[in-house]
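See below for the structure under consideration.
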Amino acid sequence: RLDIGRYPTEEEGLALLTRPSDAVEGRWAGPYIDEAVPADPWGNTYRYEAPANSSGRARVYSYGADNEEGGSGLDADIGRTPSS
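As structure tokens, this is what we get:
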């Protein structure tokens, strides 16, 4: 967010491998990784939700070992939940 003046969209994805055309001039310092975001510990893709508005926060999370929403133990969802 600091380098482009906003959170990446869900279409752009979390990795931002290329400079967005609307990035704040002189602040883009990416890309920060060479390839896509690595998989979670169970080999599943991390999920990313862009904030609904400029005062919101992005959410990065995993559905756990079973790769399904909910669950407990190793199947529990993990990640950051935005505060409302």
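Taking the working numbering, I'd label the letters of the sequence shown as residues 588 to 671.
Ideal Cβ positions, reconstructed from N, Cα and C, are used throughout, including at glycine.
The structure displayed is predicted, hence computed values, not measured ones.
How many Å lie between residue i and residue j at the Cα?
i: ASP590; j: THR632; result: 24 Å
i: ARG606; j: TRP615; result: 7 Å
i: GLY657; j: VAL611; result: 38 Å
i: SER671; j: GLY643; result: Bear in mind that the predicted position of SER671 carries a pLDDT of just 43, short of 50, making it unreliable; the figure below should be weighed with that in mind. Cα to Cα, SER671 sits roughly 8 Å from GLY643.
i: ALA626; j: ASN640; result: 27 Å
i: SER608; j: GLY666; result: 29 Å
In its own chain, which residues sit with a C-beta less than 6 Å from the C-beta of residue i, not counting the 5 before and 5 after it?
i: TYR635; result: LEU601 and VAL647
i: LEU604; result: PRO618
i: GLY592; result: VAL611
Assign residue i to one of three DSSP states: helix, strand, or coil.
i: GLY643; result: coil
i: VAL660; result: Note on residue identity: the sequence assigns Gly, not Val, to residue 660. Three-state DSSP puts GLY660 in a helix.
i: SER649; result: strand
i: ILE665; result: strand
What are the boundary residues of the beta strand (DSSP E) that residue i is part of?
i: ARG634; result: 634–636
Within the same chain, show all residues whose beta-carbon is closer than 7 Å to that of residue i, passing over the 5 residues directly before and after it, in chain order.
i: LEU661; result: GLY651 and ALA652
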